[in-house]
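Down below is the structure, laid out as structure tokens.
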Amino acid sequence: MRSFCPMFAERIRQTINDLGSPNVDPWITISVGYASMSPRPGQDCEQLVRCADQVL
């Protein structure tokens, strides 16, 4: 999973770059945090999102 995340983030960045909208400032930045975890009883997706936010 971890090896896929940087590739996925780059794909998002490239897609935004390729939009080339004249109505948008030419310098757009994005921040992407990623995390992975094995689900355990009592865990929810919000815990995973918090982990990703922490690595930003």
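In this note's numbering, the protein residues as written are 24 to 79. Glycine is no exception: its CB is placed at the ideal position from the N, C-alpha and C atoms. Given the structure is predicted, the values throughout are model-derived calculations rather than measurements.
Looking at the backbone, the Cα of L71 and that of C28 are separated by about 14 angstroms.
D67 carries a coil assignment under DSSP once its states are collapsed to helix, strand and coil. In this structure, the beta-carbon distance from S54 to L79 falls below 9 angstroms. DSSP places T38 within a helical segment (H, G or I) once states are collapsed to three. Shown here, V72 sits in a helix according to DSSP, grouped into three states.
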